[in-house]
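In what follows, a structure is listed as structure tokens, so that the remarks can point back to it.
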Amino acid sequence: MPTTLTEHFKGLTDPRRGQGKCHQLLDIITIAICAVICGADNWVEIERYGQAKYDWLKTFLALLHGIPSHV
1376 MPTTLTEHFK GLTDPRRGQG KCHQLLDIIT IAICAVICGA DNWVEIERYG
1426 QAKYDWLKTF LALLHGIPSH V
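Its first residue numbered 1376, the sequence shown is counted upward by one per residue in the working numbering.
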């Protein structure tokens, strides 16, 4: 039984192509899950949450190119 998000989503196939892959899929999923738990209802709010919690998220996510944009 998976104990972390990484373990749970490790088999997930990334459906994105080309330029959409500058952010790691697990980073996007983790930010989205945390944001929704905290009340985010859309991608703009998820991005806003990521920006507000960047310092904390950076302690356990790669975030090689910062917080993903909603566009």
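C-beta: ideal position from N, C-alpha, C; glycine also.
No experiment lies behind these values; they were computed from the predicted model shown.
Environment of residue i [buried if 16+ CB atoms lie within 10 Å]
{"i": "Thr1405", "result": "buried"}
{"i": "His1440", "result": "exposed"}
{"i": "Ile1442", "result": "buried"}
{"i": "Ala1427", "result": "exposed"}
Limits of the alpha helix (DSSP H) - the one that residue i falls within
{"i": "Gly1441", "result": "Taken as a continuous stretch (DSSP letters only), Gly1441 belongs to no alpha helix (DSSP H), as it is neither H nor E."}
{"i": "Asp1402", "result": "Leu1400 to Ile1412"}
{"i": "Leu1380", "result": "Leu1380 to Phe1384"}
{"i": "Glu1427", "result": "In the sequence as displayed, the identity of residue 1427 is Ala instead of Glu. Its alpha helix (DSSP H) spans residues Trp1418 to Ala1427."}
Within 8 Å, strictly: CB atoms of residue i and residue j
{"i": "Asp1389", "j": "Leu1436", "result": "no"}
{"i": "Ile1421", "j": "His1445", "result": "yes"}
{"i": "Ala1410", "j": "Tyr1424", "result": "yes"}
{"i": "Leu1400", "j": "Leu1387", "result": "yes"}
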